[in-house]
Ligand SMILES: [Zn+2]
């Protein structure tokens with residue numbers, strides 16, 4: 001019998017059981033092959049990590065099927081079952097026992113090669129489940145409930161401007177007014193949002209409107225039915241906290 005091929009000797013030195021009985025008998029008797037294995041083993045012992053590589057166990061086929069079903073994938077990729085692999089990875093002309101050994105080796109390699117895909121699929125599954133749960137919670141518990149809305153019409157000096165106000169309650173029970181205004185913003189001025197009584201006998205400031213839209217808390221206990229008018233004023237940096245008298249847009253809540 002000729003000497004054992006280099007690949008089989010190398011795998012044998014790495015601790016893989018790839019030799020058939022005939023090769024094993026040859027190895028026991030042949031000083032040349034024995035020396036080769038010993039030299040290879042010495043080299044691999046130096047480069048190999050001290051901790052053994054963890055053995056990867058293939059999951060039950062139903063796991064893959066469930067992952068696939070959960071992700072709504074249509075085509076199921078072929079997952080090689082142990083022993084069901086293509087031939088040709090081992091030395092030619094070897095016996096049946098040798099085939100079984102290389103088959104097992106190839107199957108192990110195949111399992112490693114599709115493992116990243118399974119990990120990716122499981123990650124996607126987890127992310128999908130988390131996203132679904134968050135989406136469901138948002139759907140079941142809306143953050144705000146709209147109570148009333150108001151169209152804000154421009155005052156004569158601000159013709160062409162417009163606005164809208166929406167009265168909402170938050171999930172925590174607070175009242176908020178979301179104000180949006182479409183109007184020119186001259187330099188050196190700012191906007192302030194107010195609630196006032198229709199007869200202007202009462203006036204409450206909600207705060208400064210930055211930009212085109214703002215969200216304002218309604219003071220606890222304030223009767224919005226009485227203070228039903230939303231007013232947005234043009235204010236100057238003059239240090240006077242009172243309403244400037246220059247209203248841009250104004251409108252009443254309608255439930
Ligand atoms: Zn030999």
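Numbering (UniProt numbering), first residue to last: 1 to 255. The beta-carbon is built from N, C-alpha and C at its ideal position, and this holds for glycine as well.
Where residue i sits in the DSSP three-state scheme
i           : result
residue 2   : coil
residue 162 : strand
residue 251 : strand
residue 285 : In the structure as shown, the chain begins at 1 and stops at 255. Residue 285 is therefore absent and cannot be evaluated.
residue 144 : strand
residue 236 : strand
residue 245 : coil
residue 18  : coil
residue 9   : helix
residue 43  : helix
residue 37  : helix
Host beta strand (DSSP E) of residue i (start-end)
i          : result
residue 29 : Looking at the DSSP string, residue 29 is not in any beta strand (DSSP E); the run it does join, the alpha helix (DSSP H), is 21-29.
Close beta carbons around residue i, own chain, < 6 Å, minus the five adjacent residues each side
i           : result
residue 247 : 155, 231 and 233
residue 2   : none
residue 23  : 4
C-alpha gap between residue i and residue j, whole angstroms
i           : j           : result
residue 223 : residue 160 : 31 Å
residue 194 : residue 164 : 13 Å
residue 121 : residue 67  : 7 Å
residue 70  : residue 64  : 10 Å
residue 41  : residue 12  : 9 Å
residue 226 : residue 198 : 8 Å
residue 183 : residue 239 : 23 Å
residue 189 : residue 237 : 6 Å
residue 33  : residue 19  : 12 Å
residue 25  : residue 38  : 16 Å
residue 158 : residue 219 : 28 Å
residue 72  : residue 55  : 30 Å
residue 27  : residue 36  : 10 Å
residue 169 : residue 178 : 11 Å
residue 46  : residue 58  : 30 Å
residue 176 : residue 62  : 51 Å
residue 173 : residue 228 : 19 Å
residue 221 : residue 209 : 22 Å
residue 249 : residue 128 : 45 Å
residue 196 : residue 145 : 23 Å
Cβ neighbours of residue i in the same chain (closer than 7 Å, five flanking residues each side left out)
i           : result
residue 151 : 164 and 251
residue 91  : The pLDDT assigned to residue 91 is 47, lower than 50, so where the model puts this residue is not dependable, and the model offers no usable value.
residue 180 : 163, 164, 212 and 213
residue 10  : 40
residue 244 : 233, 234, 235 and 236
residue 124 : 71
Range of the contiguous alpha helix (DSSP H) that encloses residue i
i          : result
residue 61 : 61-71
Contact set for residue i: own chain, Cβ-Cβ below 8 Å, skip 5 residues either direction
i           : result
residue 149 : 164, 165, 166, 167, 253 and 254
residue 207 : 192, 193, 214 and 216
residue 44  : 13 and 14
Exercise for the section: Tell me the start and end of each unbroken beta strand (DSSP E) in the stretch 148-227 that is at least 3 residues and wholly inside, in chain order. Expected result: For the beta strand (DSSP E) assignment, the uninterrupted runs of no fewer than 3 residues enclosed by the stretch 148-227 are, from N- to C-terminal side, 162-170, 175-182, 189-196, 203-209 and 213-217.
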